[in-house]
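Accompanying notes for the structure given below.
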Amino acid sequence: MNSLSDDELAALLDNLESDRSERKRAWAGDAPEKARQAACAFANDLANHGKPGVLFIGANDDGSAAHIEVTDRLLQTLSDIKTDGKTVPPPTLTVETRVVKGAAMAIVTVWPADAPPVRYEGRIWIRVGPRRGQASAQDERILNEKRRYRDRTFDAHPIQGCGLAELNRVVFENEYLPQAVASDVLTSNDRSYEERLASLGMIASVDDTTPTVIGVLTLGKTPRTWVPCAYVQFLRIRGTAWGDAITDEQELDGTLDLVLRRLDDKIKATLAVSVDFASGTTTEIRSTPYPLSALQQLTRNAIMHRSYEGTNAPVRVYWFDDRIEITNPGGPYGTVTVENFGRPGVSDYRNPQVAAVLKTMGFVQRFGFGIAEARRSLAANGNPPLEFQVEPSIILATVRRAP
Numbered sequence: 001m002n003s004l005s006d007d008e009l010a011a012l013l014d015n016l017e018s019d020r021s022e023r024k025r026a027w028a029g030d031a032p033e034k035a036r037q038a039a040c041a042f043a044n045d046l047a048n049h050g051k052p053g054v055l056f057i058g059a060n061d062d063g064s065a066a067h068i069e070v071t072d073r074l075l076q077t078l079s080d081i082k083t084d085g086k087t088v089p090p091p092t093l094t095v096e097t098r099v100v101k102g103a104a105m106a107i108v109t110v111w112p113a114d115a116p117p118v119r120y121e122g123r124i125w126i127r128v129g130p131r132r133g134q135a136s137a138q139d140e141r142i143l144n145e146k147r148r149y150r151d152r153t154f155d156a157h158p159i160q161g162c163g164l165a166e167l168n169r170v171v172f173e174n175e176y177l178p179q180a181v182a183s184d185v186l187t188s189n190d191r192s193y194e195e196r197l198a199s200l201g202m203i204a205s206v207d208d209t210t211p212t213v214i215g216v217l218t219l220g221k222t223p224r225t226w227v228p229c230a231y232v233q234f235l236r237i238r239g240t241a242w243g244d245a246i247t248d249e250q251e252l253d254g255t256l257d258l259v260l261r262r263l264d265d266k267i268k269a270t271l272a273v274s275v276d277f278a279s280g281t282t283t284e285i286r287s288t289p290y291p292l293s294a295l296q297q298l299t300r301n302a303i304m305h306r307s308y309e310g311t312n313a314p315v316r317v318y319w320f321d322d323r324i325e326i327t328n329p330g331g332p333y334g335t336v337t338v339e340n341f342g343r344p345g346v347s348d349y350r351n352p353q354v355a356a357v358l359k360t361m362g363f364v365q366r367f368g369f370g371i372a373e374a375r376r377s378l379a380a381n382g383n384p385p386l387e388f389q390v391e392p393s394i395i396l397a398t399v400r401r402a403p
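See below:
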């Protein structure tokens with residue numbers, strides 16, 4: 001994933017008929033909306049170039065420079081295209097300032113997705129030459145086939161031996177589909193059940209209706225039968241050391257939606273809230289040993305980023321008297337390393353399809369902000385700093401009780 005050279009950028013800027021470039025004079029008016037549509041289209045790469053598309057901010061429609069000021073604030077705003085959760089799976093992109101044809105411009109480079117189709121606000125955008133538009137049924141079929149032969153992430157792989165009947169059609173059509181696809185798109189197309197499943201990555205393709213890993217995790221009637229590690233082990237340990245008495249033990253399994261809801265319920269039930277009345281007043285003062293939002297962020301992150309391949313280990317939530325340990329199988333992935341783990345702005349996705357589903361179901365609002373939000377809420381609650389133990393095959397997050 002190398003940056004384009006100055007000559008390559010200049011050539012794209014000058015080619016007004018290219019389906020790999022989009023020009024915006026400034027980041028104002030409808031530019032943010034149109035630019036996000038273009039980024040979605042570049043990620044889908046319908047023409048199968050296998051090369052990145054480029055958004056030029058600070059360029060006129062004719063390719064000439066608009067001579068704008070490229071500020072850090074502008075670059076940060078452009079980075080939100082990846083993290084604001086409106087485009088799923090989150091696109092791979094870089095944002096930088098470059099001098100093109102003698103003028104500074106903000107450059108957003110978007111690489112083709114490994115598992116298309118990519119959606120922006122529930123719509124699949126594509127490029128045909130300089131035209132940007134929504135994908136037709138045939139376009140979706142082409143993108144589905146690209147995913148079938150270019151899969152690089154385990155969550156998009158078909159599960160051999162698993163049949164279409166394993167997926168819950170009622171849940172898909174009545175619950176998941178209306179959340180995943182814009183309502184006007186749903187009412188205006190006549191795609192079949194299989195075409196809709198394939199478009200959302202739940203089966204390999206229309207011609208091969210084998211459910212994928214994400215299909216089973218999202219819609220499966222018995223997900224753990226096909227993905228044995230797809231559960232959360234919860235322990236309440238009465239004490240501070242391994243080997244102390246276990247007072248509550250539960251394995252939370254089912255679809256992603258069910259697991260996360262059951263885990264939220266378990267956390268809320270275990271999270272004792274102490275109530276004290278200020279001396280001499282009727283004011284009720286509530287305190288909690290752990291902020292709920294931090295525990296939700298960390299457990300959801302663990303489920304999103306864990307490895308589902310080559311392991312039968314669950315996500316573990318071990319609740320001691322003085323701390324909570326959250327462990328997920330699978331160490332740093334992609335651009336995330338042991339050294340930069342947890343650093344703001346550094347994120348990558350082992351399971352982009354899982355990330356997309358969690359965003360669709362409302363468990364994730366933005367991408368790449370979970371750890372930062374957990375740290376913020378812990379600090380506000382008076383808890384000690386969040387601790388991480390990062391190893392090649394596991395990540396352990398330790399949350400210590402507030403004094």
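According to full-length UniProt numbering, the sequence shown holds residues 1 to 403 in order.
Cβ atoms here follow ideal geometry from the backbone N, Cα and C, with glycine treated the same way.
Cut-off 7 Å between Cβ atoms - residues of its own chain near residue i, not counting five sequence neighbours on either side
i, result
"Y120", "R36, Q37, C40, K86, T87"
"V390", "G331, P332, V338, F341"
"N60", "R23, R25, A66"
"P314", "C229, Y231, V232, Q233"
"A374", "A294, Q297, L298, L386"
"residue 450", "The structure shown has nothing for residue 450, since the chain only spans 1 to 403."
"K146", "N48, P116"
Given residue i as reference, the closest of the options once Cα atoms are compared
i, options, result
"G362", "A104, R261, Y193, N44", "R261"
"P329", "W242, H305, Y349", "H305"
"Q250", "K266, L256, D244, G239", "K266"
"P89", "V354, P392, R376", "V354"
"I107", "E140, D72, N383, G122", "D72"
"N44", "L252, T311, Q134, V336", "Q134"
"L167", "S183, V213, N144", "V213"
"S3", "T109, Y308, R224, D84", "T109"
"S188", "M105, R123, E8, Y349", "R123"
"L143", "T153, D207, N48", "N48"
"R141", "A204, G50, V317", "A204"
"L9", "Y193, P91, L252, G102", "G102"
"V399", "I326, G345, K359", "I326"
"G334", "P392, R300, P178", "P392"
"I324", "R366, D184, P385", "P385"
"I394", "L197, Y308, P112", "Y308"
"A11", "A198, R343, E145, D62", "D62"
"G370", "L256, R300, G243, P289", "R300"
"F42", "T247, A28, S18, G29", "S18"
"residue 482", "L378, S347, T225", "The chain is shown only over 1 to 403; residue 482 falls outside these bounds and no answer can be derived."
"G163", "T222, R131, P52, M105", "T222"
"L217", "L358, V364, F56", "L358"
"H32", "T97, V70, D80, N15", "A small fix is needed here, since residue 32 is Pro in this sequence, not His. Closest option to P32, Cα to Cα, is D80."
"N15", "S64, K34, G29, G50", "S64"
"D248", "R169, L258, W319, S192", "W319"
"T240", "D322, R131, R98", "D322"
"G161", "Y193, V227, Q365", "V227"
Alpha helix (DSSP H) segment containing residue i, residue limits
i, result
"E8", "6-14"
"R196", "193-199"
"R300", "292-305"
"V185", "183-188"
"P178", "177-180"
Residue span of the beta strand (DSSP E) that contains residue i, given as start and end
i, result
"R316", "315-319"
Nearest-angstrom Cβ-Cβ length linking residue i and residue j, presumed shorter than 8 Å
i, j, result
"Q296", "D264", "7 Å"
"V95", "L13", "Rounded, the Cβ-Cβ distance is 17 Å, inconsistent with contact."
"D139", "I126", "6 Å"
"P91", "V118", "6 Å"
"N291", "N351", "The residue you asked about is not Asn; residue 291 is Pro in the sequence shown. Incorrect: roughly 26 Å between the Cβ atoms, too far for contact."
"G201", "A156", "6 Å"
6 Å Cβ shell around residue i - same chain, five flanking residues per side excluded
i, result
"F172", "L219"
"I68", "A26, G58"
"D253", "R224, Y231"
"A402", "P289, N381, G382, N383"
"A245", "R238"
"L197", "I203"
"Y349", "A355"
Cβ shell of residue i (< 8 Å), same chain only, five flanking positions each side left out
i, result
"T360", "V88, Y176, Q179, A180"
"E195", "A137, E140, R141, V206"
"G129", "E17, S18, D19"
Going along the chain, which unbroken runs of the alpha helix (DSSP H) with 4 or more residues stay wholly within the UniProt domain "Schlafen AlbA-2" (17-132)?
-> 31-44, 72-83
At what residue ranges does the region 210-274 contain a whole run of the alpha helix (DSSP H), taking only runs of 4 or more?
-> 213-219, 223-226, 256-270
List in chain order: all unbroken alpha helix (DSSP H) runs of 4+ residues lying wholly within the region 327-397.
-> 352-360, 370-381
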